[in-house]
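This report refers to the structure that appears directly beneath it.
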Amino acid sequence: MARQDITSSQINQMSSRGVVTPVTVAAHVDGHAFVNDGKTMVTFENTNAATRTVTAKVPAVVDVNLDVPDRQITLPATTGRGQLGPFGPEYTQPDGKVHIDFSADAGVVCTYWRLP
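For the sequence shown, my numbering gives the first residue as 306, with consecutive numbering after it.
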């Protein structure tokens, strides 16, 4: 299987009036991918009885061979929430996208927003 490609919703001045509908999707076993525009934020909610770890993969290397660590957040069980982004260029994979991985996909819902 492949990563699930995601397109985010643009937030604008009308967003506070309920005009924008965010892109909300369930976590995918193979992860998510979206074009890195430097403006996308993701919120996560975990309704599962177990904790979940969300990872934003970082392909960057410094000093020739030192890997930059991935960014991880842990979502507490049952009512856990978290947020990642916006993402700098160091998160951009060779395919031009940010890759988000999940320790498990059951019970995790993701909402994608693109800032103005």
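Cβ coordinates follow ideal geometry from the N, Cα and C atoms, glycine included.
In its own chain, which residues sit with a C-beta less than 6 Å from the C-beta of Asp310, not counting the 5 before and 5 after it? Here residue 310 refers to the residue found at position 5 when the sequence shown is read from its first residue. Closer than 6 Å at Cβ, skipping near neighbours: Ala338.
Cross-strand partners of Val347 (DSSP beta bridge): In the sequence shown, residue 347 corresponds to position 42, counting from 1. Answer is Leu389 and Tyr417, bridged to Val347.
6 Å Cβ shell around Thr360 - same chain, five flanking residues per side excluded: On the sequence shown, position 55 is the one that residue 360 refers to. Within the same chain, Thr360 has close Cβ partners Asp375, Gln377 and Asp406.
Return yes when the Cβ of Ser408 is within less than 8 Å of the Cβ of Thr358, no when it is not. Here residue 358 corresponds to residue number 53 of the sequence shown, with the count starting at 1. Here residue 408 corresponds to residue number 103 of the sequence shown, with the count starting at 1. In contact: Thr358 and Ser408 (Cβ atoms closer than 8 Å).
Nearest-angstrom Cβ-Cβ length linking Gln315 and Thr348, presumed shorter than 8 Å: Along the sequence shown, read from residue 1 onward, the residue named residue 315 stands at position 10. Along the sequence shown, read from residue 1 onward, the residue named residue 348 stands at position 43. Contact flag wrong, Cβ pair sits at about 16 Å.
For the putative contact between Asn341 and Gly385, defined by C-beta atoms under 8 Å, what is the C-beta separation to the nearest angstrom? Here the question's residue 341 lines up with position 36 in the sequence shown. Here the question's residue 385 lines up with position 80 in the sequence shown. Between Gly385 and Asn341 the Cβ distance is about 25 Å, and since that is not below 8 Å, they are no contact.
Taking buried to mean at least 16 other C-beta atoms within 10 Å of its own C-beta, is Gly390 buried or exposed? Along the sequence shown, one-based indexing puts residue 390 at 85. Gly390 comes out buried.
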